[in-house]
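Chemist: Chains as they are written, first to last, in the working numbering: chain C, 368 to 596; chain F, 368 to 596.
2 protein chains.
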Amino acid sequence: MWAREDELESLATGMVVAGDFKVATDVVLFTAREEDLAVLLVRRPRPPFDGCWALPGGLLAVDEPLEAAARRWLDEASGLRKLYVEQLYTFGRPDRDPRGRVLSVAHLALLRWQSRATLPSEAAWWPARALPVLALDHGEIVQTALCRLAAKLQYSTIALQLMPDRFTLSHLQAVYEMILGGPLDKRNFRKRMQALRCIEPTGESWRGGNHRPARLYRIREPGCVEIVK
Amino acid sequence: MWAREDELESLATGMVVAGDFKVATDVVLFTAREEDLAVLLVRRPRPPFDGCWALPGGLLAVDEPLEAAARRWLDEASGLRKLYVEQLYTFGRPDRDPRGRVLSVAHLALLRWQSRATLPSEAAWWPARALPVLALDHGEIVQTALCRLAAKLQYSTIALQLMPDRFTLSHLQAVYEMILGGPLDKRNFRKRMQALRCIEPTGESWRGGNHRPARLYRIREPGCVEIVK
DNA sequence: ACAAAAGTGTTAGTGTTACACCCATGA
DNA sequence: TCATGGGTGTAACACTAACACTTTTGT
Chain C
368 MWAREDELES
378 LATGMVVAGD
388 FKVATDVVLF
398 TAREEDLAVL
408 LVRRPRPPFD
418 GCWALPGGLL
428 AVDEPLEAAA
438 RRWLDEASGL
448 RKLYVEQLYT
458 FGRPDRDPRG
468 RVLSVAHLAL
478 LRWQSRATLP
488 SEAAWWPARA
498 LPVLALDHGE
508 IVQTALCRLA
518 AKLQYSTIAL
528 QLMPDRFTLS
538 HLQAVYEMIL
548 GGPLDKRNFR
558 KRMQALRCIE
568 PTGESWRGGN
578 HRPARLYRIR
588 EPGCVEIVK
Chain F
368 MWAREDELES
378 LATGMVVAGD
388 FKVATDVVLF
398 TAREEDLAVL
408 LVRRPRPPFD
418 GCWALPGGLL
428 AVDEPLEAAA
438 RRWLDEASGL
448 RKLYVEQLYT
458 FGRPDRDPRG
468 RVLSVAHLAL
478 LRWQSRATLP
488 SEAAWWPARA
498 LPVLALDHGE
508 IVQTALCRLA
518 AKLQYSTIAL
528 QLMPDRFTLS
538 HLQAVYEMIL
548 GGPLDKRNFR
558 KRMQALRCIE
568 PTGESWRGGN
578 HRPARLYRIR
588 EPGCVEIVK
């Protein structure tokens, strides 16, 4: 199917032989727990990096779309299916995998903490800012994902993909703060959220302790990440 | 080198066979001509899509970094080496190439029109907003690149990669306008550029016709794309 | 003198930031 | 009544957008 000319197309620069590649899809799955932003990791069951923590992911099947593979590996590592998934970046350093040439088409995924399932024993949630040493270049992939997520907070409604059906504004603010890594002004935050018109009060409220109950909000268009501003 | 377990890792979801893939790097090379934004295309010398216009690019060699491959294919199609290149997106629909499964790690590149070389006969510049029908999914790739470029004008100094050593503010404004596809206010544009502090007057000026000569500017830190605002 | 593009400031409006107190509840 | 987090408005500032005339040159 592949003509010899295709494999030697680049005669101008000398002999360049096109390779056959393994392609992996690795996924950075974030969730917002009570106190911190967490990332799903799995212990690698095989060499190389046997027993080392790594991102969920693995080889792409021959007829599989990229995002479908990312979702399949996530499903396997966590039992989860309905998630927000987007392509992040493709990591392809020739020496990134000691077994040979493997590209990784990394994806960024978000999970509502409340809809998590019980994890298989080899998977666990880790605090996003205190990860163990990861296999391969997975540490770099997580950093890239964190930057992307923080950047997207500024101009999209992506953070809502981390929120449950009903939530308070303080809860939403806490999620923003754990992603951005710093405190936000309460009044300004609430003004901005209202201006975006992406959430609406349900009318209900939630008693959360020895203090005034908080209004509950819901997402106006769930499942839809809008670009704003 | 690849254990059988690796190729059949996903037992939970049934038999999934990891494939071997061809990987291409295709490049959307933009340049700012006098009147319009242009994209470099090449005529495919081989089936499929024999004789059809396509993006410069081709298969990745076995030990080659992704960006290096993008630069190699550009060099071959245009004789050009010193360019701005960044990864754009990875296109991987299983049916995107009739020959079989080929992923394309698309790149966005920028060239100063003044430093173009003479093209080989199979390559040509086309107006970015009036392209012919392209091979494969290359039309979609160009659209993605156009969106990325326009978005990056808003928060980075990437447009300077399209400018020659010395240029006038009107020239720079024309480049912004051809990317964004609409007119900008002259005074506001100049104010913004000055605020960014990414260019400086050379002291020289340029006589361009029956009118007042324009001051020439240069880039303060050439080769460096800054994120601003 | 005319045509053609270069160059230049001000104002109104909009969005952003900083900041402090009262409210409703449970213990 | 006290502790706790929920909820609210305003003023200064910065940024953006709209807008028109004078300058310098070549013909």
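Ideal Cβ positions, reconstructed from N, Cα and C, are used throughout, including at glycine.
1. Can you have a look at F:D464 and say buried or exposed, based on whether 16 or more other CB atoms are within 10 angstroms of its CB?
2. CA-CA distance, F:R554 and C:K596?
3. To which residues of the same chain is F:E593 closer than 6 Å at the C-beta, ignoring the five residues directly before and after it?
4. What residues match up with F:G470 in a beta bridge as DSSP calls it?
5. Can the beta-carbon of C:F388 be found less than 8 Å from the beta-carbon of C:L455?
6. Are C:L450 and C:A484 closer than 8 Å when you measure CB to CB?
7. Check each candidate in F:L551, F:S537, F:A491, F:A444 and name the one with the smallest Cα separation from F:A405.
8. Please list, in chain order, all residues of the same chain as F:T535 whose beta carbon is under 8 Å from its beta carbon, the five residues on each side excluded.
9. Taking beta-carbon pairs under 8 Å, can you tell me which members of the region 413–436 of chain F lie near chain C?
10. Based on the DSSP output, what are the partners of C:F458 in its beta bridges?
11. Near C:G425, what residues of its chain come up, given a Cβ to Cβ distance below 7 Å and the 5 sequence neighbours on each side ignored?
12. Thinking C-alpha only, which one of F:M545, F:D552, F:M530 is nearest F:P589?
13. With the cut-off set at 8 Å, would you say F:V429 and C:R468 are in Cβ contact?
14. If you count every other CB in all the chains shown that lies within 10 Å of the CB of F:D462, and 16 or more means buried, which is it?
15. Are the region 499–513 of chain C and the region 559–572 of chain C touching, with three or more C-beta to C-beta distances below 8 Å?
16. Hey, how far is the Cα of F:A379 from the Cα of C:E443?
17. When you compare only the Cα positions, how much space is there between F:R411 and F:S488?
18. Run down chain C in chain order and give the residues with a C-beta less than 7 Å from the C-beta of F:L511.
19. Determine the direct distance from the alpha carbon of C:Q521 to that of C:L563, and round the result to whole angstroms.
Modeler: Quick look at the numbers:
1. buried
2. 23 Å
3. T524
4. Inspection of the sequence shows that residue 470 of chain F is occupied by Leu rather than by Gly. BP columns for F:L470 point to F:V390.
5. no
6. no
7. Nearest in C-alpha terms to F:A405, of all of F:L551, F:S537, F:A491, F:A444, is F:A491.
8. W573, G575, A581, R582, L583, Y584
9. R413, G425, L426, L427, A428, V429, D430, E431, P432, L433
10. C:S471
11. A391, W440
12. Nearest C-alpha to F:P589 among F:M545, F:D552, F:M530: F:M530.
13. Pairing F:V429 with C:R468 gives a Cβ-Cβ distance under 8 Å.
14. So F:D462 counts as exposed.
15. The answer is no - the region 559–572 of chain C does not touch the region 499–513 of chain C, with fewer than three Cβ pairs under 8 Å.
16. Residue placement at F:A379 cannot be trusted, given a pLDDT of 39 that sits under 50; what the coordinates show is reported in the next sentence. Near 7 Å, if we compare the C-alpha coordinates of C:E443 and F:A379.
17. Between the alpha carbons of F:R411 and F:S488 lies a distance of about 12 Å.
18. In the sequence under discussion, the amino acid at residue 511 of chain F is Thr, which differs from the Leu named in the question. Residues of chain C passing the Cβ test: none, with the nearest at roughly 11 Å.
19. 12 Å
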